[in-house]
Amino acid sequence: SLSDRLGGVFAALRGRGALNEADVRAAMREVRIALLEADVALPVVRSFVDSVTEKAVGQNVLRSITPGQQVVKIVNDALVDMLGSDTADLELDVTPPAIIMMVGLQGSGKTTTTAKIAKRLTEKDRKKVLMASLDVNRPAAQEQLAVLGSQINVATLPVVAGQQPVEIARRALNAARLQGYDVLMLDTAGRLHVDQALMDEMRAVSDVSSPAETLLVVDALTGQDAVNVAKSFTDQVSLTGVILTRMDGDARGGAALSMRAVTGKPIKFVGTGEKLDGLELFHPSRVAGRILGMGDVVSLVERAAESIQVEDAEAMAAKMAKGQFDLNDLRQQLAQMQKMGGLGALAGMIPGMKKAQAAMASGAVSDKMLIHMDAMIGSMTAKERAKPELLQAKRKIRIAKGSGTTVQDVNKLLKMHQEMATAMKKLKKMGGMKALMGMMG
Ligand code: GDP
Ligand code: MG
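This is the structure we're talking about:
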């Protein structure tokens, strides 16, 4: 994986102040391979790597993380930046009917996605939607859309034999106007590869219908061809967005970067299945993680870098390795966990810790609880903190009084300490906090 490779490149680099050009270039060779493996088109890889190199050279390595982690963070941020930093929904704020034209190669998922969007607009936005198939090349294409329409209770334009796409578009537009539809979806024909006849037809349809949205539908598995596909469509019609289908499979999502780079348009949705509810808004940060192949690890490092020093974590890991985890450690951990979004959030990011997460969620660490817990630990003697098993009934009463809590609260604290000690043991089995922090460096 990318983390292993960067680990190798940066093994000799620990502790240096700023990233120099030679180091960054060495790291970028690995980033380049990771992007190609994720199916990003080569020209896009090149320009991306160039711009990230420029950004990275000279940056100071944060004291609390390794140079490898720093580079991954820079690459990740640049990816998110390029993919668009937020979700982008449809923009249909025009005089109705708002036209959505779907374009793309045959088999990319246009017809399916047309129905998915119609379903979303009908159910979520309460829009009155009409769908029309302009695919006269493929036998039964118009029937396919009608069948999907009946599944989701969305109207389709009745089929008239022998009509050409532009005529069908005009008829659909009239029907939508006369019958008061909010949205008209035009599902156009695709070819197996880009050809001029297809492009001419598409442009003619666009001219008669003036779409509010022209969406390019692309299979997420499209690799090096992505650039050509994107270019030829952008040259002919003005796209407003891209939809990436088949993201439910094992596509790493590199096509997203290629499409975004060439069209300059936002990716609005991803298709996540053959079923008609398999449509989601596009989340740039999620896809960036998928392209890098290190999703949750990136966010874990981000939070860790913000809130705790790796040195602290390593000291803690050393204590844990000796099987020590007393109430002083709990106190320190609680404060750190709080900063990182709670132990539940941390556990959720560590593979195999889902159970511990559920256990912790039941006693979620709230600000108020944290203050109470801190007060209780503060009321204990040094001996008690180091040896929680000393805390029998009498001592518990004293601590409750001293901290303004109840014996029940003290018991809860001790139970939590027990649960955390168990979770820590699990973490130790996986190589400990140190391994977790070092995963990327
Ligand atoms: P069109 O030729 O562009 O209209 O493509 P279709 O909508 O007919 O889709 C072609 C095939 O891809 C069909 O079998 C769809 O069920 C399938 N498909 C479309 N979108 C998705 C998706 O997001 N995930 C999966 N797994 N299959 C999809
Ligand atoms: Mg179709």
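The number in UniProt numbering is simply the position in the sequence shown, starting from 1, with 3 added. Glycine included, each C-beta is placed from N, C-alpha and C at the ideal position. A quick note: this is a predicted structure, and the numbers were derived from the prediction, not measured.
Check                                                                                                                                                                : Outcome
Within this structure, are the beta carbons of S235 and V186 separated by less than 7 Å?                                                                             : no
From L137 to I120, what does the alpha carbon distance come to, in whole angstroms?                                                                                  : 17 Å
Determine the burial state of K399: buried for a count of at least 16 other Cβ atoms within 10 Å of its Cβ, exposed for fewer.                                       : buried
Report the three-state DSSP secondary structure of E277 (helix, strand or coil).                                                                                     : coil
Check whether the Cβ of R222 sits closer than 6 Å to any heavy atom of ligand 2, and report yes or no.                                                               : A quick correction: the sequence has Asp, not Arg, at residue 222. It does not: the Cβ of D222 is nowhere closer than 6 Å to a heavy atom of ligand 2.
What is the rounded straight-line gap between the Cα of V169 and the Cα of A207?                                                                                     : 7 Å
With burial defined as no fewer than 16 other Cβ atoms inside 10 Å of the residue's Cβ, what is the status of V313: buried or exposed?                               : Note that V313 scores 46 on pLDDT, short of 50, meaning its location in the model is unreliable; the coordinates nonetheless yield the value given after this. It counts as buried.
Just verifying my parser: in three-state terms, what is the DSSP assignment at I311?                                                                                 : Legend: pLDDT at I311 = 47, less than 50; position of this residue unreliable, value from coordinates given subsequently. I311 falls in the coil class under three-state DSSP.
Taking the beta carbon of S406 as the centre, do at least 16 other beta carbons fall within 10 Å, making it buried, or is it exposed?                                : buried
Cβ atoms of M134 and M205: under 7 Å apart, would you say?                                                                                                           : no
Going by other Cβ atoms of all chains shown within 10 Å of its Cβ, with 16 needed for buried, is N79 buried or exposed?                                              : buried
Just grab the DSSP bridge partners of A21 for me.                                                                                                                    : N63
Compute the distance between the beta-carbons of A91 and P269, then report whether it is under 7 Å.                                                                  : yes
My output table needs one value for A144: the three-state DSSP class, helix, strand or coil.                                                                         : helix
Considering only the alpha carbon of each residue, which of R255, V230, E283 lies closest to R263?                                                                   : V230
Taking the alpha-carbon of G193 as reference, which of E422, N140, R28 has the nearest alpha-carbon?                                                                 : N140
So what's G127 in DSSP terms, helix, strand or just coil?                                                                                                            : With the sequence shown as reference, residue 127 is identified as Lys, and Gly is not the correct amino acid for it. Three-state result, K127: coil.
Does the contact criterion of 3 or more C-beta pairs under 8 Å hold for the region 44 to 62 versus the region 244 to 253?                                            : no
Would you tell me roughly how many angstroms separate the C-alpha atoms of I103 and S54, rounded to the nearest one?                                                 : 35 Å
Once the 5 residues before and after V83 are set aside, which same chain residues still bring their CB inside 6 Å of it?                                             : P287, S288, A291
Enumerated in chain order, which unbroken segments of the alpha helix (DSSP H) with a length of 4 residues or greater are wholly contained in the region 229 to 260? : 229 to 239
Span of the beta strand (DSSP E) holding S136?                                                                                                                       : 132 to 136
In whole angstroms, give me the CA-to-CA distance for Q154 and K122.                                                                                                 : 10 Å
Mark L393 as exposed unless 16 or more other C-beta atoms lie within 10 angstroms of its C-beta, in which case mark it buried.                                       : exposed
When you compare each of V106, A158, Q395 to S241 by their alpha carbons, which one comes out closest?                                                               : V106
Ordered along the chain, which non-local residues of its own chain (more than five positions away) have a Cβ less than 7 Å from that of S88?                         : P287
Would M443 be called buried (16 or more neighbouring beta carbons within 10 Å of its own) or exposed?                                                                : Since pLDDT at M443 reaches only 31, below the 50 mark, its modelled position is unreliable, and no value is offered.
Any idea what DSSP makes of D299, helix, strand or coil?                                                                                                             : Its pLDDT being 45, under 50, D299 is placed unreliably in this model, and the value from its coordinates should be taken loosely. D299: helix per DSSP, three-state reduction.
Which residue comes first and which comes last in the beta strand (DSSP E) that contains L181?                                                                       : Segment 168 to 181 is the alpha helix (DSSP H) holding L181; no beta strand (DSSP E) there.
Rounding to the nearest angstrom, what Cα-Cα distance links P70 and V27 in this structure?                                                                           : 10 Å
Check whether the Cβ atoms of R388 and D329 lie closer than 7 Å to each other.                                                                                       : yes
Take D412 and list the residues in its own chain whose beta-carbon comes closer than 7 Å to its own, dropping the five residues that flank it on each side.          : H375, M379, A403
For Q72 and E40, I'd like the C-alpha separation in whole angstroms.                                                                                                 : 20 Å
By Cβ distance below 6 Å, which residues in the same chain neighbour Q225 in space, the five residues on each side in sequence not counted?                          : As written in the sequence, residue 225 is Thr, which differs from the Gln given in the question. Cβ neighbours of T225 beyond the five flanking positions: A258.
CB L95 to CB A118, shorter than 7 Å?                                                                                                                                 : no
Looking at T98 and ligand 2, is the gap between the Cβ and the nearest heavy atom below 6 Å?                                                                         : no
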